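S.K.: Can you read through this structure? Questions will come right after.
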Amino acid sequence: MTIGLNYDEKIAIFELGDDENRFTPVFLDEINSCLDEIIASGASGLVTTALGKFYSNGLDLDWLSAHGDQTHWYVGRVQGLLARLLTLPIPTAAAVVGHAFGAGAMLAMAHDFRVMRADRGYFCFPEVDIRVPFTPGMAALIQAKLAPQAATASMTTGRRFGGGEAAGLGIVDSTAAEDAVTAAAVDLLRPLGGKDPGTLGAIKQTMFGHVVAALTANSYEPKVN
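Be aware that the sequence shown starts at 1, since it is given in the UniProt record's numbering, and climbs by one per residue.
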C-alpha cells in the first residue's frame, strides 16, 4: 500500500493507496497522521483519492478474523476516523476513482462531496449480503447523508451502483471520466477555500452531532435479532 500526500495550491490531495486500501490498524494510524499534517498545514480543503482499481474495500476482514477479541476496539477506531472526517473543519471531497465497498463507501460518505468515476467501479454497502448489520453509528452516518429512498436502496439491498446510477440517487454529487475524477473533486473545493475553519467546524459539529455521538458511543457492536 502506498499512501501519498501532495497539494494543489492549498488543497491537500491524499492518496489512500494502490491496492484494496482496507482499514488495517496501521492504515488507520497513517490516515490520522496525514489528517493531523493537513490541518496543521493550513490547507483550505481535502480531497481523498486512490491509485488503483479500489477507492477502498473497507474493513480488514482478515485482520478481524485473526483478532476477534479486538473487534470492539477495531470498529471503534474505524468509527472514530469516520467521525473525525465528517466534522473536519475544512471542505472535503472524495474522488471515488474505483470500487468503494462497505466501510470504504462510508469513508466517502463522511466527506462533504463525492465525485465518482463514470464508466467503471461500484459504490456498495454489502452488509445485508455478508450478514453484518450496520452499527448504529454507521447507519446514522449513511442516513444523515442520503435521502430516505437512497438510504433504503443502498442499505437494504446490497446493490452495486455504478457512477451514473449513484449520481441519480444522490449517493455521489457528480461523475467524471477515469482521468478526471480527482481534478473534478479538487475543482468542487476551489470556490470554498476562504471558509473560516472554526466556523465551518462548528457548523459541521451542529449538523452531525447526533452522528458523531452514535459513532463514538461506548458500544460499537451491532445487535443481531
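Backbone N, C-alpha and C define an ideal beta-carbon position, used for all residues, glycine too.
Here the structure is a predicted model, which means the values were calculated and not measured.
Let me make sure I understand the geometry here. Which of D19, A40, P25, P136 has the alpha-carbon closest to that of S56?
M.R.: Sequence index remark: in the sequence shown, residue 56 carries index 56 (1-based). Answer by Cα proximity: D19.
S.K.: Taking Cβ positions, are L16 and T48 nearer each other than 9 Å?
M.R.: As a first step, residue 16 is located in the sequence shown; it is residue number 16 there, counting from the start. As a first step, residue 48 is located in the sequence shown; it is residue number 48 there, counting from the start. Yes; because the gap between Cβ atoms is below 9 Å, this pair is in contact.
S.K.: What's the call for N6, buried or exposed, on a 16-neighbour Cβ count within 10 Å?
M.R.: In the sequence shown, the residue the question calls residue 6 occupies position 6. It counts as exposed.
S.K.: Assess, as a yes-or-no matter, whether the stretch 131 to 143 is touched by the stretch 173 to 182 under the definition of 3 or more beta carbon pairs within less than 8 Å.
M.R.: no
S.K.: Quick check on DSSP: helix, strand or coil for Y122?
M.R.: Taking the sequence shown and counting its residues from 1, one reaches residue 122 at position 122. Residue state, collapsed to three classes: coil.
S.K.: If I measure Cβ to Cβ from A84 and keep anything under 7 Å in the same chain, skipping five residues before and after, which residues do I get?
M.R.: For this step, residue 84 is matched to residue 84 along the sequence shown. For the record, residue 84 in the displayed sequence is Arg; it is not Ala. For R84, where only same-chain residues beyond five positions count, the Cβ hits under 7 Å are L35.
S.K.: Assuming A93 and L189 are in contact, meaning their beta carbons sit under 8 Å apart, how far apart are those beta carbons, in whole angstroms?
M.R.: As a first step, residue 93 is located in the sequence shown; it is residue number 93 there, counting from the start. As a first step, residue 189 is located in the sequence shown; it is residue number 189 there, counting from the start. The Cβ separation is near 6 Å, so the contact holds.
S.K.: Could you please give the first and the last residue of the uninterrupted beta strand (DSSP E) stretch that includes H99?
M.R.: Counted from its first residue, the sequence shown places residue 99 at position 99. In this chain, the beta strand (DSSP E) harbouring H99 covers 99 to 101.
S.K.: Could you please give the first and the last residue of the uninterrupted beta strand (DSSP E) stretch that includes V115?
M.R.: As a working note, residue 115 is residue 115 in the sequence shown. In the DSSP assignment, V115 falls within the unbroken beta strand (DSSP E) covering 113 to 117.
S.K.: Excluding sequence positions up to five away, which residues of its chain have a Cβ less than 8 Å from the Cβ of V212?
M.R.: Position 212 of the sequence shown, counted from the start, is the residue given in the question as residue 212. Around V212: A83, L86, T87, Q205.
S.K.: Along the chain, where does the beta strand (DSSP E) containing V96 start, and where does it finish?
M.R.: Numbered from 1 along the sequence shown, position 96 holds the residue referred to as residue 96. Element bounds for V96: 92 to 96.
S.K.: Can you list, in chain order, the residues of its chain with a C-beta nearer than 7 Å to that of V224? Leave out the 5 residues immediately preceding and following it.
M.R.: Within the sequence shown, numbered from 1, the residue matching residue 224 stands at position 224. Residue placement at V224 is flagged as unreliable, the pLDDT there being 37, under the threshold of 50; the coordinate-derived value follows with that caveat. Answer for V224: P133, listed in chain order.
S.K.: Report yes or no: do the stretch 8 to 15 and the stretch 37 to 54 share at least 3 C-beta pairs separated by less than 8 Å?
M.R.: Yes: the two stretches touch, three or more of their Cβ pairs being nearer than 8 Å.
S.K.: Express the C-alpha separation of A153 and F125 in angstroms, rounding to a whole number.
M.R.: By one-based count along the sequence shown, residue 125 stands at place 125. By one-based count along the sequence shown, residue 153 stands at place 153. About 10 Å.
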